[in-house]
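Here the structure is laid out as structure tokens; the discussion comes afterwards.
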Amino acid sequence: MTELPSEYHRRLPYGERMSAEPLLGGPFFPFEGDLQVVPLADPVLPEPPRRGEEGDEPCGTCSDPDAWVIWRDEQWQLKTFEPRGLPFVAILEPREHLRLDNLPPELTATLGSLIQRVANAIRRIDSVGRTHFNRWGDGSEHFHLWFLARPLGMMQLRGAMIAAWDDILPNVPDEELEANARLVAAALVEDGGEAMGIGRG
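When we follow our numbering, the leftmost residue of the sequence shown carries the number 913, and every step to the right adds one.
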């Protein structure tokens, strides 16, 4: 094993299975019964590159900038994907290839109000109760925020496991996704930017 970089790393039980007990029976955990946690893997150091970094695939957003984009302005764009289990899932990203650590201050200053605009636009979908958003930055170097629409009244889908529910629930029909995407794009256009088509660029 590579030399472990910190005391945190050195105290973890690599190769062992930990108990799933802390999750079982929780109000938002979507599984029950016998559940086995995979053994904890050793750290990979140095970390492998992400898409867009040297040594991995080119940045998908920069290679195909129009793919799945439903709305954009001069700085930002919102994209959705093929149908999923939730009523609407989207990514907000800068049009320029930037990371979180090098977003220029003038772009960072617009992010808060844009998060609010996107969340409010998604809530116009009649099947949506709330809009969750978060950042996972391990797949692509290009900065992006995820938006996940929690269905109205489905309190079991609250919290971090909403992403798992997105994989578990039956996919929404194509025409419903397209209608939801058009509605979100039109709501965003009310305050600027332009609506785009849905699907691959």
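C-beta atoms are modelled at their ideal positions from N, C-alpha and C, and glycine is treated no differently. These figures come from a predicted structure and were not determined experimentally.
Chain-order list of residues whose beta-carbon lies under 8 Å from that of P960 (same chain, five-residue window excluded):
G967 and D968
Exposed or buried, T973, counting other C-beta atoms within 10 Å across all chains shown (16 or more means buried)?
buried
From the DSSP output, which residues share a beta bridge with L1004?
L990 and L1057
Beta-carbon proximity check, R923 vs P951, cutoff 8 Å
no
Extent of the continuous beta strand (DSSP E) run through V981
V981 to R984
Between the Cα of E915 and those of V956, D946, F940 and G927, spot the shortest distance and give me the residue it belongs to.
V956
Whole-angstrom Cβ separation of H1056 and I982, contact assumed at under 8 Å?
Incorrect: roughly 14 Å between the Cβ atoms, too far for contact.
First and last residue of the uninterrupted beta strand (DSSP E) at R1094
Segment D1086 to V1101 is the alpha helix (DSSP H) holding R1094; no beta strand (DSSP E) there.
Should I1080 go down as buried or exposed, given a rule of 16 or more other Cβ atoms within 10 Å for buried?
exposed
Segment contact, 8 Å Cβ cut-off, at least three pairs: the region 991-1000 with the region 1057-1064:
yes
Straight-line Cα distance separating I1074 from H921
28 Å
Reduced DSSP secondary structure (H/G/I, E/B, other) of A1075
helix
Best match in I1037, R1029, M1066 and G964 for proximity to G1105 [C-alpha to C-alpha]
R1029
To which residues of the same chain is I1110 closer than 8 Å at the C-beta, ignoring the five residues directly before and after it?
W980, I982, T992, L1089, E1090, A1093 and R1094
Are there 16 or more other CB atoms within 10 angstroms of the CB of T1020, so buried, or fewer, so exposed?
exposed
State the DSSP-derived secondary structure class of N1083, mapped to helix, strand or coil.
coil
With 16 other Cβ atoms within 10 Å as the buried cut-off, status of Q989:
buried
For R1042 versus F940, is the C-beta spacing smaller than 8 Å?
no
May I ask which residues mark the beginning and end of the alpha helix (DSSP H) holding R1029?
P1017 to I1034
Have a look at the DSSP bridge pairing and note the partners of R1070.
Note: R1070 sits in no beta bridge, so no partner.
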